[in-house]
Amino acid sequence: MKMNPRCTYCLLSRVHFQSKLSTDDEDLISKTIKECLEVVTKNYSPDAVSASVATKVHRKCYEVLEDNDPYAVTKKLINQAALKVLPAAKEEIYENSPDNEELFRRAVLASVVANYFDFGIMGFDASEDKFEAAFRKYFEKGLDVDDTPKMLGLMQDVVYIADNCGEILFDMLVFDVIKKLGGKITLVVRGEPILTDVTLEEVREFEIDNKVDRVMTTGSNAVGVLIEEAPAELLQAMKDATLIISKGMANYETLSEHNFGPIAYMLLTKCECVAEDLGLEKGLSIAKLMNYP
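Once you know that position 258 of the sequence shown is 239 in our numbering, the rest is easy, because the numbers rise by one and skip nothing.
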């Protein structure tokens, strides 16, 4: 996905948000904003990939703040809040013993709804105290784009590219169904901390590696999956996969620039630019299969 003019002020809004998470020093916050603004000015172009520019901006932000994980405390809180909602999600998914197709659809829906947990997006309120209410609201509404029936026949070798903390606990519900259907799962997480994204730290903390067949990383703290920074083994796994599942907007922003497939984008369209690029409206729950014959 290419950069939209609206990405500029959204990016700077996020820089300000995470700077305030990191420090109370207003001079340092101003310095951070100034230097990140220079990065935006230098790299902005209608031909630039949005997440690639975002990566440069966030790296500069972390550098100036001298903080490699401004969201460290926030991520813990997100996971705690998600754990409180998880039992209700399981009840919804397994209610009335659904068949495999319905079970998979419900698990995907719960995982997509959990994509709501993304702190710092301008104009999007994902505060912890509102998450349970938001989860129930979106779950009851269902998927606005539902390609899960097509995905069912592609479960043999799944590469699952994770997104946020909190959300990953709901992804585990999808892992359970994929394994029930006889599929293999390669879980992909960020190589280093960036935003609220999952890293190996959370994989180990919640023993997520026991739910999948192998775990890989994106090779860096890039926003999304920057192919030029990705390990060769990850690229090979993606080429060999019968299905790639890409969670969240940042992964869409990077992977939509390439021809990997079949690939299912599972996310909430929290951003107008992403929604428009997908040909959809803002605020939808989607499981959209692309690059599929």
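The beta carbon of each residue, even a glycine, is placed where N, CA and C say it ideally should be. The structure presented is a predicted model; accordingly, all values stated were derived computationally and were not measured.
Next item on the list: Go ahead and pull the three-state DSSP assignment for I166.
Entry: strand
Notebook entry, point to check: Which value, in whole angstroms, describes the spacing of the CA atoms of V255 and D178?
Noted result: 18 Å
Item checked: Burial state of A63 (16 or more Cβ within 10 Å) -> buried
Next item on the list: List the endpoints of the continuous alpha helix (DSSP H) containing R276.
Entry: Outside the displayed range of the chain (-18 to 274) lies residue 276, so it cannot be described from this structure.
Item checked: Collapsed DSSP secondary structure at T129 in the structure displayed -> helix
Check: Identify the residues that DSSP records as bridge partners of N(-15): which are they?
Finding: In the DSSP output, where bridge partners are listed per residue, N(-15) has none listed.
Check: In whole angstroms, what separates the C-alpha of V21 from that of C146?
Finding: 27 Å
Check: So, helix, strand or coil for A88, using DSSP?
Finding: helix
Check: Counting along the chain, where does the alpha helix (DSSP H) carrying D8 start and finish?
Finding: 7 to 24
Check: What did DSSP end up calling K220 once you bin it into helix, strand or coil?
Finding: helix
Notebook entry, point to check: Does the distance from the C-beta atom of E234 to that of M(-18) stay below 7 Å?
Noted result: yes
Item checked: Assigned exposure category for S33 - 16 Cβ within 10 Å defines buried -> buried
Checklist line | For E2, the three-state DSSP class (helix, strand or coil) | finding: According to the sequence shown, residue 2 is Leu rather than Glu. Helix, per DSSP.
Next item on the list: Taking 7 Å as the cut-off, decide whether the C-beta atoms of S3 and L46 are in contact.
Entry: yes
Item checked: Check whether A211 and T199 have beta carbons under 7 Å apart -> yes
Next item on the list: Tell me whether V193 sits in a helix, a strand or coil according to DSSP, three-state version.
Entry: coil
Next item on the list: From the DSSP output, read off the bridge partner residues of T198.
Entry: V170
Notebook entry, point to check: Which word fits D213, buried or exposed, when buried means at least 16 other C-beta atoms lie within 10 angstroms of its C-beta?
Noted result: The question names Asp, but residue 213 is Ala in the sequence shown. Exposed, since its Cβ has fewer than 16 Cβ neighbours within 10 Å.
Check: What's the gap between the Cα of V94 and the Cα of I159?
Finding: 18 Å
Next item on the list: Kindly list the residues whose CB is nearer than 6 Å to the CB of K165, restricted to its own chain and excluding five residues on each side of it in sequence; keep chain order.
Entry: D138, D194
Notebook entry, point to check: I think E253 touches R(-13), with their Cβ atoms under 8 Å apart; what is that distance to the nearest whole Å?
Noted result: 7 Å
Next item on the list: Using the Cα positions of M(-16) and S78, report the straight-line distance between them to the nearest angstrom.
Entry: 44 Å
Notebook entry, point to check: When we look at the beta-carbon of Q(-1) and count the other beta-carbons within 10 Å, is it buried (16 or more) or exposed?
Noted result: buried
Next item on the list: From the DSSP output, in three-state form, read off D258 for me.
Entry: helix
Check: For the candidate residues D127, N202, A115, M153, whose alpha-carbon lies nearest to that of M247?
Finding: D127
Next item on the list: Spell out the partners DSSP gives K71 in its beta bridges.
Entry: The partner list for K71 (beta bridge, DSSP) is empty, contrary to what the question assumes.
Note to self: Between the alpha carbons of R117 and K37, how many angstroms are there, rounded?
What the structure shows: 36 Å
Item checked: Runs of alpha helix (DSSP H) lying entirely within the stretch 29 to 59, each at least 4 residues, in chain order -> 31 to 46
Item checked: Span of the alpha helix (DSSP H) around V155 -> 148 to 161
Checklist line | Run of the alpha helix (DSSP H) containing M277, from where it starts to where it stops | finding: Outside the displayed range of the chain (-18 to 274) lies residue 277, so it cannot be described from this structure.
Item checked: Contact between the stretch 141 to 156 and the stretch 12 to 26 (3+ Cβ pairs under 8 Å) -> no
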